[in-house]
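Heads up, the numbering used here is the position in the sequence shown plus 91, with the first residue counted as 1.
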Amino acid sequence: MAAEGTYPPLFTLKAVARDVWIADGPIIDLYRMPFPTRMTVVRLSSGDLWLHSPIAFSADLLEALQEIGPVRHLIAPNWLHYAHVQDWADALPAAQTWVAPGVVERAEGQGVRLRADHLLGDAAPEPWSGDLDQMIVPGSRLHREAVFFHRASRSLILTDLIENFEPARLPWHLRIVTRVAGNQHPDGSMPRDLRLTFDRQALAGAVRRMIAWEPARILIAHGRWYPARAVDELRRAFRFLDL
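Below you can see the structure in the form of structure tokens.
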């Protein structure tokens with residue numbers, strides 16, 4: 092089994108495409124499930140860096156990032172993926188924080204300090220409108236996730252809408268859990284409990300929009316990501332919808 096189910100080397104920039112990197116982080120325990128963490132980094136046409144779902148803060152990783160550009164934007168893409176944003180904001184007071192709907196309320200409810208400079212919406216804001224498309228996926232009474240598409244590299248950036256846990260990286264009992272939940276590689280998908288919170292028609296419309304972007308790859312926060320055949324993977328992962 093890989094070290095604690097993670098994707099080493101951790102806190103290391105790994106090139107995905109031109110101006111796109113990932114950095115894998117340590118496990119975070121959520122709902123008694125060990126989730127490996129992953130951050131996506133995009134260098135905008137301005138040269139500024141955009142950090143999606145920041146992993147645990149690392150001074151060495153920050154140094155590596157600053158070698159490729161100034162970190163200007165810290166993205167909390169849904170109500171669960173904000174835990175490390177404030178640590179990065181403390182280290183980078185000039186960076187702006189951008190949070191999905193529900194993040195501020197979640198942080199306040201848990202007594203977590205969070206500087207939320209901007210609320211993410213369906214339209215990409217000026218700092219990255221020339222590089223990224225985005226939308227807030229509609230239809231859930233609970234889960235509001237911002238998804239992004241980097242046009243130049245054709246990279247679709249998701250968070251929890253698809254999870255793809257590799258069984259070889261899990262203890263035996265979690266292999267059973269993820270198989271039942273529907274988020275186990277090679278058939279990773281939206282966890283079944285999360286599906287129940289969505290209006291299927293609204294979710295299907297959002298997935299159709301993702302397909303229309305014609306992504307080449309899908310970057311996700313938990314588990315093995317998809318380096319190719321992205322449209323096919325979207326159709327497979329969301330086959331429970333009437334697309």
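Quick reminder that beta carbons are idealized off the backbone N, C-alpha and C, glycines included.
Secondary structure note for tryptophan 141: its beta strand (DSSP E) is the uninterrupted segment 140 to 143. The distance from the Cβ of leucine 294 to that of valine 228 is about 7 Å, consistent with a contact at the 8 Å cut-off. Taking every protein chain shown into account, the CB of glycine 221 has fewer than 16 other CB atoms within 10 angstroms, so this residue is exposed. The Cβ atoms of leucine 247 and phenylalanine 240 sit closer than 8 Å to each other.
Secondary structure of methionine 301 (DSSP, three-state): helix. In this structure, aspartate 181 sits away from arginine 163, with a CB-CB distance that is not shorter than 8 Å. Taking a contact to require three or more Cβ pairs closer than 8 Å, the region 301 to 311 and the region 263 to 271 do not qualify as touching. DSSP, read as helix, strand or coil, puts arginine 232 in coil. Within the same chain, and ignoring the five residues on either side of tyrosine 317 in sequence, the residues whose Cβ sits closer than 7 Å to its Cβ are Arg308, Ile309 and Glu324.
Close CB contacts of leucine 152 within its chain, under the 7 Å cut and outside five residues either way in sequence, are with Phe102 and Ala114 (chain order). Below 8 Å, too few C-beta pairs join the region 198 to 211 and the region 115 to 135 to call them touching: fewer than three. Contact annotation: alanine 297 and methionine 226 have beta-carbon atoms nearer than 8 Å. Within the DSSP secondary-structure output, alanine 328 pairs in no beta bridge. Apart from sequence neighbours up to five positions away, the residues of its chain that approach glycine 96 with a beta-carbon distance below 7 Å are Ile118, Pro125, Pro127, Arg260 and Leu261, ordered along the chain.
By a beta-carbon distance limit of 8 Å, valine 176 contacts proline 145. Their separation comes to about 6 Å. Here threonine 131 is bridged, per DSSP, to Ile113 and His143. If you check the CB distance, leucine 233 and threonine 288 come in under 8 Å. Tryptophan 179 is positioned such that its CB atom lies closer than 8 Å to that of leucine 142. Membership of alanine 108 in the beta strand (DSSP E) is indicated by the continuous run 104 to 108. The beta-carbon separation of leucine 104 and alanine 155, rounded to 5 Å, stays under the 8 Å limit for a contact.
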